[in-house]
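J.: Below is a structure I'd like to ask you about.
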Amino acid sequence: MIAYEDLKQTFRPIRLIGIGLAGVALLLYAASGLYVVKPEQIGVVARFGRIVKDSVPPGIHYHWPWPIEQILLPRTTEVRSLEIPFQHSDQVENVDGELLTGDENLVRAVFLIQYTIAQPKDYLTATANPDQVLERLARWNGIRYFAALPVDTALTTGRDSIQRYLKQSIQKMADDYRLGIRLTSVQLRTIEPPSSAGVADAFKAVSSAREDKQKRVEQAEGERNRRLPKARSEAQRMLRDGEAHSQEVVERAKGDSERFLATWEAYRAAKSVTAHRLYVETVESILPKVKLLIVNPAAERDGETRRPDSALPF
Numbered sequence: 029m030i031a032y033e034d035l036k037q038t039f040r041p042i043r044l045i046g047i048g049l050a051g052v053a054l055l056l057y058a059a060s061g062l063y064v065v066k067p068e069q070i071g072v073v074a075r076f077g078r079i080v081k082d083s084v085p086p087g088i089h090y091h092w093p094w095p096i097e098q099i100l101l102p103r104t105t106e107v108r109s110l111e112i113p114f115q116h117s118d119q120v121e122n123v124d125g126e127l128l129t130g131d132e133n134l135v136r137a138v139f140l141i142q143y144t145i146a147q148p149k150d151y152l153t154a155t156a157n158p159d160q161v162l163e164r165l166a167r168w169n170g171i172r173y174f175a176a177l178p179v180d181t182a183l184t185t186g187r188d189s190i191q192r193y194l195k196q197s198i199q200k201m202a203d204d205y206r207l208g209i210r211l212t213s214v215q216l217r218t219i220e221p222p223s224s225a226g227v228a229d230a231f232k233a234v235s236s237a238r239e240d241k242q243k244r245v246e247q248a249e250g251e252r253n254r255r256l257p258k259a260r261s262e263a264q265r266m267l268r269d270g271e272a273h274s275q276e277v278v279e280r281a282k283g284d285s286e287r288f289l290a291t292w293e294a295y296r297a298a299k300s301v302t303a304h305r306l307y308v309e310t311v312e313s314i315l316p317k318v319k320l321l322i323v324n325p326a327a328e329r330d331g332e333t334r335r336p337d338s339a340l341p342f
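Add 28 to the 1-based position in the sequence shown for our numbering, that's all there is to it.
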């Protein structure tokens with residue numbers, strides 16, 4: 029009996045230490061339920077694998093420790109990028125995967141999709157690999173759209189419409205599959221003809237000719253824009269000059285008409301006086317323009333003729 033008591037006293041400190049360690053472990057286990065949601069995150073709590081909370085706001089929170097509950101912290105403000113090349117098929121090994129256009133030409137393309145997590149619950153539960161599903165949706169929509177698009181449009185002016193269509197169509201299918209993502213942009217980073225011999229050179233020649241045509245059109249439009257204001261200004265000036273000349277002619281005609289009528293009235297009142305005055309005025313206007321030639325009979329015999337304003341014979 030004494031030995032048992034001694035043994036009990038011997039192991040008592042060990043038991044106390046064990047109880048203390050168990051208490052500490054229990055406290056640590058309970059404290060493991062504390063978690064922090066950062067501003068760029070949304071907390072999602074899963075209990076035995078089933079989501080019970082999908083929108084825990086930023087801050088310090090508590091959940092039942094593992095394995096009862098598990099906390100997931102997706103970054104909802106982070107813009108994620110997914111590059112999707114079409115150079116090679118992911119289903120058939122060593123086979124080029126160029127896109128076939130509506131006029132039966134091939135082009136190589138690389139898309140860059142950027143998205144954010146809009147619905148954390150859907151994003152975490154819809155599929156085990158959202159990026160893989162998104163890539164397949166992008167490929168399917170790209171193949172379908174390019175199959176109805178002429179190659180010239182795809183390589184030149186169709187970039188904006190391609191990006192706009194793919195963003196809308198991929199977003200719609202992602203919503204249908206409840207992927208929980210929101211596309212922020214779909215960029216066509218690269219689009220070019222195949223690298224096979226002769227094909228790329230032919231496309232480059234066509235593109236160069238098209239660029240040269242556009243350059244000439246822009247130059248012609250620039251020349252037109254430069255000359256058109258000058259022509260308009262010249263036309264306005266000529267119009268103003270014509271109007272001024274027309275006004276001048278009209279006023280002169282009015283003055284001549286009034287002067288004629290005044291002369292006619294004066295002639296009717298005093299015919300002889302008016303006739304004499306008109307004769308005198310006419311002679312006065314004519315005589316200054318007449319050159320006077322004086323012939324001296326004596327000089328005429330000598331064979332000379334002189335002008336009053338010249339001492340030299342001619």
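We put the beta carbon where it would ideally sit given N, CA and C, even for glycine.
Going by the beta-carbon positions, is the gap between Ile-145 and Pro-102 smaller than 9 Å?
T.: Closer than 9 Å, so yes.
J.: Quick one: what's got a C-beta closer than 6 Å to Val-80's C-beta in the same chain, skipping five residues either side?
T.: Closer than 6 Å at Cβ, skipping near neighbours: Val-73.
J.: Report back the beta-carbon spacing between Val-214 and Ile-99 to the nearest angstrom; my notes put them in contact at under 8 Å.
T.: Going by Cβ atoms, the distance from Val-214 to Ile-99 rounds to 33 Å, so no, they are not a contact pair.
J.: Considering only the alpha carbon of each residue, which of Arg-187, Ala-166 and Tyr-57 lies closest to Gln-199?
T.: Selected option, being the one with the closest Cα: Ala-166.
J.: Pull up the CB-CB distance for Glu-68 and Thr-129, whole angstroms please, since I reckon it's below 8 Å.
T.: Not confirmed; about 41 Å, so no contact.
J.: Tell me, please, whether the stretch 43–63 touches the stretch 85–99 by the rule of three or more beta-carbon pairs shorter than 8 Å.
T.: Judged by Cβ distances under 8 Å, the stretch 43–63 makes contact with the stretch 85–99, as three or more pairs qualify.
J.: Does the pairing of the stretch 175–182 with the stretch 156–163 give three or more beta-carbon distances under 8 Å?
T.: Counting Cβ pairs under 8 Å, fewer than three are found: no touch.
J.: For Ala-154 and Phe-231, I'd like the C-alpha separation in whole angstroms.
T.: Between Ala-154 and Phe-231, the C-alpha separation is close to 43 Å.
J.: Any Cβ of chain B within less than 9 Å of the Cβ of Lys-282?
T.: This model lacks chain B altogether; it includes just one protein chain.
J.: Using three-state DSSP, classify Gly-208 as helix, strand or coil.
T.: Gly-208 falls in the coil class under three-state DSSP.
J.: So, using beta-carbon positions, are Tyr-205 and Asn-169 closer together than 9 Å?
T.: No; because the gap between Cβ atoms is not below 9 Å, this pair is not in contact.
J.: What is the DSSP secondary structure of Pro-257, counted as helix, strand or coil?
T.: It is helical.
J.: Return the CA-CA distance between Gly-46 and Val-52, expressed in angstroms with no decimal places.
T.: The straight-line gap from Cα to Cα measures roughly 10 Å.
J.: How would you label Asp-82, buried or exposed, when you count the other beta carbons within 10 angstroms and need 16 or more for buried?
T.: Result: buried.
J.: I need the straight-line Cα distance from Arg-164 to Val-245, nearest angstrom please.
T.: Going by the C-alpha atoms only, they are around 42 Å apart.
J.: What's the gap between the Cα of Leu-340 and the Cα of Pro-316?
T.: Note that Leu-340 scores 42 on pLDDT, short of 50, meaning its location in the model is unreliable and no value can be drawn from it.
J.: In this structure, does DSSP put Gly-270 in helix, strand or coil?
T.: Residue state, collapsed to three classes: helix.
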